[in-house]
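Be aware that the sequence shown starts at 1054, since it is given in our numbering, and climbs by one per residue.
C-beta atoms are modelled at their ideal positions from N, C-alpha and C, and glycine is treated no differently.
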Amino acid sequence: MGKILFADDDAAMRLMVTDMLTAAGHSVRTVDDGTAALKEIRLELPDLVLLDYRMGNVDGLEVCRKIKEDARTQHLPVLILTAESHVEDRIRGFAAGANDYLPKPFDHRELLARVQALLRLSEQGRELNPTTGLPGGIAIDREFERRRRRNESFTLCYLDLDFFKAFNDRFGFPVANGVIEALGNILQEAVAGTDSFAAHIGGDDFILMCDRASARHLVERTQKRFREVLGRLIPAETLSRGSYVGRQRSGEEVEVPLTRIAAAMLHLEGKKMPPLAELGEVAADAKNKAKQSIATGIVELEIGADGTATIV
């Protein structure tokens, strides 16, 4: 259930909508004007904002614009309620950034259905990394447990950008951020239309879950595509050389290898699969081994029920 902020200058409407939403299990805060709505949002972010179109002190459209213009709140879904029936008014609502629009009077079932749909949107938005658009921690745990409950054998791939900090220091944040975004796009394309799952743990760490038969090919194809994209972000001569001159903290200049994808592939058997929390240390050690593999940047491990790992 969600935390909802409802702004309307009609006391009877505030009471009716609050009763509907609380009966459905939601938590509702109400205010009677737009200024108070913006103040409440700053105090505590809701999961969803309901706004009356016509409020005397900062109307719903202006509140919606301010929500969507602020980087801290622009992800919040906004539903505008209005007695206005003109198409132009609805267009102005969407132009202000509203996610949905419900004319008054409305059936309470339709309000609840629209609220639930927007809360799902809010939940999905919180789980997605803003740079890559890939799901993060909660979704990773959920997907792993889904496969584990089904006794499904699969490969869990930890992908890490090797030498990335030095790359960031040398080429700057815009290029480094572009590299992270590009890898997110590559992974999204790789799993589209399949049962494979891609996620962004954070920073330069990513996850793939896929069947064992396709795991190696999927990782190698991702490495290849990544290098192709890298060639569009850095000078061609640097890509061809495979390294660049970087500066250590001491000030000494050294030759640094280009950032690349290092992959630790953990092959998991359905009926003897340890929980995800128990794989952290194994995964960290495997990623270090992958970084030491100069030729491929890949290491494959068979994982036992007790979490022990055997190199394939």
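Other residues of its chain near residue i: CB distance less than 8 Å, five sequence neighbours each side excluded
i, result
"Val1272", "Cys1210, Leu1212, Leu1261, Ile1314, Ala1316, Met1318 and Ile1351"
"Asp1194", "Leu1329"
"Met1073", "His1161, Leu1164 and Leu1165"
"Asn1230", "Thr1184"
Straight-line Cα distance separating residue j from residue i
i, j, result
"Phe1220", "Arg1278", "18 Å"
"Val1282", "Arg1300", "25 Å"
"Thr1275", "Ala1089", "49 Å"
"Thr1135", "Leu1114", "11 Å"
"Asp1258", "Ala1337", "11 Å"
"Leu1236", "Thr1185", "8 Å"
"Ala1251", "Leu1164", "34 Å"
"Ala1266", "Thr1312", "27 Å"
"Lys1119", "Leu1101", "15 Å"
"Phe1226", "Gly1078", "44 Å"
"Arg1285", "Val1298", "19 Å"
"Cys1263", "Glu1176", "24 Å"
"Thr1291", "Arg1095", "46 Å"
"Ile1356", "Phe1217", "28 Å"
"Met1054", "Arg1199", "22 Å"
"Ile1144", "Lys1121", "16 Å"
"Leu1129", "Val1228", "29 Å"
"Ile1239", "Glu1322", "27 Å"
"Asp1248", "Ser1206", "13 Å"
"Ala1076", "Leu1068", "12 Å"
"Ile1364", "Ile1254", "24 Å"
"Pro1288", "Ala1148", "41 Å"
"Arg1201", "Val1111", "51 Å"
"Ala1339", "Glu1196", "21 Å"
"Glu1234", "Glu1306", "29 Å"
"Ser1080", "Val1232", "40 Å"
"Pro1158", "Gly1150", "22 Å"
"Ala1362", "Asp1222", "35 Å"
"Ala1268", "Leu1181", "23 Å"
"Pro1183", "Arg1280", "23 Å"
"Glu1373", "Phe1224", "An answer regarding residue 1373 cannot be provided, because it is not within the stretch 1054 to 1365 covered by the chain."
"Ala1060", "Gln1169", "18 Å"
Contact belief for residue i with residue j at Cβ below 8 Å, rounded distance in angstroms
i, j, result
"Val1309", "Ser1293", "Not a contact, Cβ separation roughly 15 Å."
"Leu1132", "Arg1173", "The pair is not a contact, with the Cβ atoms about 13 Å apart (cut-off 8 Å)."
"Leu1091", "Val1070", "Rounded, the Cβ-Cβ distance is 19 Å, inconsistent with contact."
"Lys1342", "Asp1215", "At roughly 12 Å, the Cβ-Cβ gap does not stay under 8 Å, so Lys1342 and Asp1215 are not in contact."
"Lys1056", "Asn1204", "That belief does not hold up - the Cβ atoms of Lys1056 and Asn1204 are roughly 37 Å apart, past 8 Å."
"Thr1126", "Leu1098", "7 Å"
Close Cβ partners of residue i (< 7 Å) along its chain, the five nearest in sequence each way excluded
i, result
"Glu1093", "Leu1058, Arg1082 and Val1084"
"Gly1360", "Pro1327, Glu1331, Leu1332 and Val1335"
"Asp1062", "Asp1085, Asp1086, Asp1105, Met1108 and Gly1109"
"Ser1346", "Val1352"
"Gly1304", "none"
"His1270", "none"
"Leu1171", "Leu1101, Pro1130, Leu1132, Asn1152 and Asp1153"
"Gly1256", "none"
Neighbourhood of residue i by C-beta distance below 6 Å, restricted to the same chain and skipping five residues each side
i, result
"Ala1065", "none"
"His1029", "In the structure displayed, the chain extends from 1054 to 1365; residue 1029 sits before or after that span and is not available."
"Ala1358", "Lys1325"
"Asp1123", "none"
Beta carbon proximity, residue i to chain B, threshold 8 Å
i, result
"Ala1336", "No chain B appears in the structure shown, which is made up of a single protein chain."
* Asked: Counting pairs of Cβ atoms below 8 Å between the region 1149 to 1160 and the region 1184 to 1194, do you hit three or more?
  -> With the cut-off at 8 Å, the region 1149 to 1160 and the region 1184 to 1194 do not touch.
* Taking three-plus beta-carbon pairs below 8 Å as touching, is the region 1240 to 1259 in contact with the region 1341 to 1355? -> The region 1240 to 1259 and the region 1341 to 1355 do not touch, with fewer than 3 CB-CB distances between them shorter than 8 Å.
* To do: With a floor of 4 residues, list each alpha helix (DSSP H) that falls wholly inside the region 1280 to 1305, ordered by position along the chain.
  => Fully enclosed alpha helix (DSSP H) runs of 4 or longer: 1289 to 1294.
* Every unbroken alpha helix (DSSP H) within the region 1201 to 1281, with a cutoff of 4 residues, ordered by chain -> The qualifying runs are 1217 to 1224 and 1226 to 1244.
* To do: Starting from the N-terminal side, write out each stretch of the alpha helix (DSSP H) that is 4 residues or longer and does not extend beyond the region 1084 to 1151.
  => Runs found: 1087 to 1096, 1113 to 1122 and 1140 to 1148.
* Which whole runs of the beta strand (DSSP E) in the region 1322 to 1352 are 3 residues long or more, in chain order? -> Restricting attention to beta strand (DSSP E) runs no shorter than 3 residues, the region 1322 to 1352 encloses none.
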